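Remarks on the structure that follows.
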Amino acid sequence: MTNHCKNYKYTAETYSALGETMTDFLHIGKNVPRTAEIDKVTGRAVYIDELKRPGMLYGKILYSRYAHARIKSINTEKAKKLPGVRAVITGYDIPDVRVGFLNDQTVLKRDLVRQYRDEVAAAAAITPEIAEEALKLIEVEYEPLPGIFDPIEAMKPDAPLIHELDARGRPLRSNILPLPWKFSAGDIEKARKESAYIVTDNVTTTWINQCCMGTSGCVAEFDSNNNLTFFSQTNVIFGGKGRIATYLSNIGLKGKKIRVLNPVVGGSFGTKLDTDIYEFICIQLALKTRKPVKIKFSREEEFAALPPRQPTIFTIEQGCDKDGRLTFRKVEAILDNGAYTSWGATTPSVMMLPISSMYRVPNVSFNATCVYTNNIYSQAMRGYGNPQAAFAVETSMDSLAEAAGIDPAEFRLINRNHPGDVTPMELKITTCPLEECITTVKEKIKWDEKWGKRNGRGVGMASLIHVAGGARVYLSDGTGIRIKIDENGEVYVLSGSTDQGQGSPTVIAQIVAEATGFNPEDVNIVFGDTDIGLWDAGTHASRHTFVAGNAAIRAGEKAKTQVLELAVQYIPQMVKRALKRQKKKNPDFKEPELDYTMIDSPEKLDIKNRMIFPKEAPDHPYFRIEASQVLTGALHVGNGESKAVVAEVFWDPPTKMLNAEMKGNYSLTYAFGTTGVEVEVDRETGEVKILNLVSAHDVGRAINPALVKGQIYGAIYTGVGFGLTEQVQVVEGKVMNPNFRDYKILTANDYIPVEAVIIEDPDPSGPYGAKGIGEPGLVPTAPAIANAIYDAIGIRIRDLPITPEKVLAAIKAKEGIV
Amino acid sequence: MKSYEYHKPQSVKEAIDLIGSLDHAKYIAGGTDVMVMIKQGKLAPANLISLRSISDISYVDTKDGLKIGSGMTHSEIVDNEFIQKRYSALVDAAGNIGSGQIRNVATLGGNICNAAPSADSACPLLVFDAEVVIAGPNGGRTVKIDDFLQGPNKVALEKDEIVTGIHMPDFGEKTGSAYIKHTRRKAMELPILGIAARITIKTGGSQACCKDVSCTPDNATNMLKRVEDEKFVCDDVRIAMSVVAPRPIRAKKAEAALRGKVISEAVLNEIGEIAALESQPRDSIRGKAWYRRDMVKVLTKRAILKSIERILRPDNAKYSYR
Amino acid sequence: MKKEISFTLNNETIEVEADPKWTLLYLLREVLEMTGTKEGCGAGECGACTVIVDGKAVDSCLYPVMEIEGKSVETIEGVALSDGTLHPLQQAFIENNGVQCGYCTSGMIMSAKALLDKKPDPTEAEIRLAISGNICRCTGYVQIVESVQQAVNMKK
């Protein structure tokens, strides 16, 4: 991917700086355009849809149509005979190996299906249409069984078991997963007694679809030695490789080479952090057919057969003293784990962020129970539990503020986090402009003028805390970056990270340009290939800019030093040679007296805009030389001393994993932010209209302000959907709205006046001070809306999404109307 | 998916002859319903007979009322200034169907012949006393829209018949109309329910239309006040609702209760209640029955007020999104 | 049974043998290998497949291929000039971060282009309406609208 595009017109506007404090940086804080991605506007970008391998077949998956049933028989004979079909497999044709974070499911199901969309068989054929036809010819006989669709029912001691055995074959006694989500800090009982005001709220959220515009899909291809090339959209190429290696090992293919590589990816939003069943199925079909196989989800499959956001049931109790200082926060959560386990069950580790550390609260307890049911299971989605938990915490904050008779904005300021705090979870807060976020939002939303009117219009706010300096969810939170600078001054950054469209090629290019002295258009990032990149924990938890950026700066500085060392070595020779040539051409030429001591060590030199120069005399007529000249000179020397520039850094932030008590500073810094919303509620229809939305974010440093705002805007719209319109409607385990018609993602006509405010308090550990921003924009949106609705009409809805029906029903209940 | 033959007759007669002579043949206009059904396996025709090349069914005639060819696309209807002003409810409907991409190909004829319970053009056509002009192997006939729509995806078309146009009478200057499509978001929606109203008022001597150039669109409260102050009388009214019955229906009892009355908030509330009682909504994933019934009451009143606003300000009668 | 159809594709007359059951999207992507137009849902509910036919934006996933006979089709591949110079819309999307993952981008640009070709100076509301049939999850539409506005200014 090259940044340099002849067809692109650079204009003055594309380099607009942000603020007066940016003058020291050449490339940081600039809205450098995404010239690396011009193929996306010309239709040339190659997504998984476009990826074709010679002889490639197309795979399709047959799903169960019962939420709970015994498989009595499967007959694939007719399907196999269909012309064009190359393989049909069932759970009985492949080793019964378990996969998944808790190893609680198999790739194709034998004997029992536990959710409506269980994968029961798969076919590979020469066209996708033939593969679909083959599915229709597969005969499956089911014996339906009663299903459990309510996690509270499933928790009961006499509830039938969804899983009888665990991964090791030992009998299970309950549908409750053996996951250690228990947190306790301080003394809740004591704090309760010392509280002047206490409130309890029951809050629920439901399944939400990530709605990537590019649906899930992959291409698997084995070579003649059973080494695998896996074209995957995964964000976690090394983690995915590891999971696949384990799987291959378990099916008798130990020690095979695996290469995971990304095409251009059409969005992720959490869908690409686990290795999904369809990926294993694709691998099996490729193995069976000895041909490359592509599986690509239809939109219906994307809605019905892909794990969505984790639904939640919270009970939150919070107290404060008579001055409004929080005394304790006690949260219980029940999570519908569905039939199997993916990252949804780990969301409590991120819920801990707002629960233990949003605002200063000395005594905290949190208990999360994950329960198997026959519903669909969940995975990650942008925010990873934070949006759900923030909804609980910020709903409770408003409830408590009201009980204490304090303005909710003031209540948050009283309890705000401060720089240098260590939270009950042992998070070390570094920079923390939360006060500025809250006051900025207050001012821009005109809080003092609008709050408390109860006249159908109201304002509400909510804040967030999120990991922004990496997130040690795996034992390593590291990223490796290798930089090579070619002789013509082209900088290649070989990164083990991935790009889902957030703009990483541009941001990393800016960072590397700043660190090396070259220009962003000289910097080419190679992402998403396990053969080329150094290890990376994955693009998740808003960590990429922070961790990869830090590695990139360090590698860039090393590369720059190498270039300058070469400069020290070669510039004098080059200058002397040039002077000699001039003298030869023109005998009257008087050789100038040059002070070579000003370029006799790397510290005395610098690079900017691809030019090497002495710091003492940046415009020196002889010593200011194009870096590519030095690099070429150093490479093509004609003796055994040829040098090329390559530098690498593997950087793992000095953080800790959460210990058994769910405590530990697992990120190097944390992002704060506040969103304020003004709404108008139509009391007759229950409709909520957003009149204004302001979102202020503690980004540390906006490497590229336009890209930062793009992340915030996109996250806001997803947050509004989470708050008002989106829900995967699951009835008796079946997704009832698996399409864009009935799944209410907002359109461009659902205009929301939004303002994204960038607050820069550079973090000492961030790359040029930057913090992560991928997820924070989403987190406080729904509770801010719910709080604004309360301000508008005195009605609190605690169950998302806040549909017109819920509002109207609550209005009628309050007014005693039937 | 089995293939099919695709035919492009140039006239209505040719289309009728084709469908009579071919096996498993189906008409297709814009294709936004038919193509979806074919892809979902709900339809497997051997022959598709496209109506898109038949210029005879693509017309708008505005002498003596409004006559629209069944082949007119929703975009074409939306852009027509006469329809915007004088049959505003139809533009409210056409302008809100699906997306721009859908509206550019989908037709009025297709919308009513597909006869989804939520078909947006149905309620406006019901309040405009539309007649459906039909051509068939046995000649032509017209059917009142109220008789044409028979149930979910069921219309009064005999074998091989084709709708060629929809004709509506003229209602004069003191008539305004509106269609409210109640949705969760502002594009690409099927309605939770739809309400259309057409009202003709007697102004008791005062000038109905606002001659003041600086007149701005009013909110409902001010509109009501003006209506009550000036004692407008409902000369005639039609109210239609969709998604609250197996097919779009008229709220005839509510109409009767409003006809001849002086319009006031109390009266509008009353007829809203009557219309709500006439509806038979059900629960579905798109909405709950109780909510739909409540909305019949609320939106009937709003549709009538909007219709009156359009009488008072005919130049501002551009269709608008909610 | 396949039939020969002739139409104009990005200003070039082409003839192709088409199976009537194909959609325009299928013809573009699978037969002509013009994969810039994407399939986001296959049901006319997301706009990722938007192309311009006779000046109007349409969802190509629902457009029967036989209907393009004699018509003029524009796809994303034909938006830039033949020497590669980007159209103001394309330039603006890059400069204003109107592109993130890019999957909706082809459809967005075609919907915006259909608008600007008819109405070179639209209001913001008209821009939103023109792209309201194109779903985007990445951008929240804000910078997409700004990109279209910049393209409007660039053309002035």
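Residue numbers (the working numbering), protein chains in the order written: chain E, 6 to 823; chain Z, 2 to 323; chain Y, 9 to 164.
Note that the Cβ used here is the ideal one computed from N, Cα and C, for glycine as well.
On a predicted model such as this, the values are computed, not experimentally measured, just so you know.
- In this structure, the alpha-carbon of glycine 501(E) lies about 7 Å from that of threonine 484(E).
- Assignment of beta strand (DSSP E) within the region 45-121 of chain Y, counting only whole runs of 3 or more residues, yields 58-61, 64-67, 80-82 in chain order.
- Under the criterion of beta carbons closer than 8 Å, isoleucine 802(E) and alanine 818(E) do not qualify as touching, at roughly 12 Å.
- Interface annotation, glycine 110(Y): not in contact with chain Z, CB-CB separation never under 7 Å.
- In the three-state reduction of the DSSP assignment, asparagine 555(E) falls in the helix class, which pools H, G and I.
- Under DSSP, glycine 288(Z) takes part in a beta bridge, and its partners are Ser285(Z).
- Counting the other CB atoms within 10 Å of its CB gives proline 162(E) a total below 16, which places it among the exposed residues.
- If you ignore the 5 residues before and after arginine 334(E), its C-beta comes within less than 6 Å of the C-beta of Gln323, Val366, Val369, all in its own chain and listed in chain order.
- Just so you know, the alpha carbons of leucine 56(E) and arginine 37(Y) end up roughly 12 Å apart.
- Contact check for threonine 143(Z) against alanine 30(Z) fails: the beta carbons are separated by 7 Å or more.
- In terms of Cα proximity to lysine 489(E), the closest of Gly777(E), Ala787(E), Ala649(E) is Ala649(E).
- Proximity of chain Y to glutamine 507(E) at the Cβ level (cut-off 9 Å) is accounted for by Gln108, Cys109, Cys146, in chain order.
- The beta-carbon of serine 119(Y) is placed no less than 7 Å from the nearest beta-carbon of chain E.
- Looking at the DSSP output, lysine 335(E) bridges to Glu322(E), Ser370(E).
- The residue among Leu599(E), Val241(E), Arg330(E), Asn524(E) with its C-alpha nearest the C-alpha of alanine 196(E) is Arg330(E).
- Taking CB atoms only, alanine 188(Z) has a neighbour in chain Y less than 7 Å away.
- Using a Cβ-Cβ distance cut-off of 8 Å, the region 9-21 of chain Z and the region 56-65 of chain Y are not in contact, since fewer than three pairs of beta carbons, one from each stretch, lie closer than that value.
- For isoleucine 193(Z), the closest of Pro282(Z), Ser308(Z), Leu67(Z), Asp57(Z) by C-alpha to C-alpha distance is Pro282(Z).
- Pairing glutamate 174(Z) with threonine 752(E), the inter-Cα distance amounts to about 37 Å.
- Neighbours of lysine 289(Z) in chain E, taken as residues whose beta carbon is under 7 Å from its own, are Glu810 in chain order.
- The C-alpha of threonine 220(E) is placed about 6 Å away from the C-alpha of phenylalanine 302(E).
- The DSSP-derived three-state label of leucine 480(E) is coil.
- The beta carbon of leucine 640(E) sits closer than 8 Å to those of Glu492, Ser647, Lys648, Ala649, all from its chain and outside the five residues before and after it, given in chain order.
- In the three-state reduction of the DSSP assignment, histidine 183(Z) falls in the strand class.
- Within the DSSP secondary-structure output, threonine 111(E) pairs in a beta bridge with Arg103(E).
- For glycine 110(Z), there is no enclosing beta strand (DSSP E); the residue is found in the alpha helix (DSSP H) stretching over 109-115.
- Minimum Cα-Cα distance from lysine 262(E) among the listed residues Ile249(E), Val270(E), Lys714(E), Lys613(E) corresponds to Ile249(E).
- Isoleucine 617(E) sits away from proline 772(E), with the two beta carbons spaced by 7 Å or more.
- No Cβ of chain Z is located within less than 7 Å of the beta carbon of threonine 113(Y).
- By the C-beta density criterion, lysine 35(E) is buried, having at least 16 other C-beta atoms within 10 angstroms.
- In the three-state DSSP reduction, threonine 47(E) falls in the helix class (H, G or I).
- In the three-state reduction of the DSSP assignment, lysine 203(Z) falls in the strand class, which pools E and B.
- Taken in chain order, the unbroken stretches of alpha helix (DSSP H) that lie wholly in the region 609-658 of chain E and span 4 residues or more are 632-640.
- Interface annotation for the region 47-63 of chain Y against chain E: Glu47, Gly48, Cys49, Gly50, Ala51, Glu53, Cys54, Ala56, criterion Cβ-Cβ distance under 8 Å.
- Ranking Val517(E), Leu712(E), Pro623(E) by CA distance to the CA of glutamate 653(E) puts Val517(E) first.
- Secondary-structure assignment with DSSP links phenylalanine 416(E) through no beta bridge to anything.
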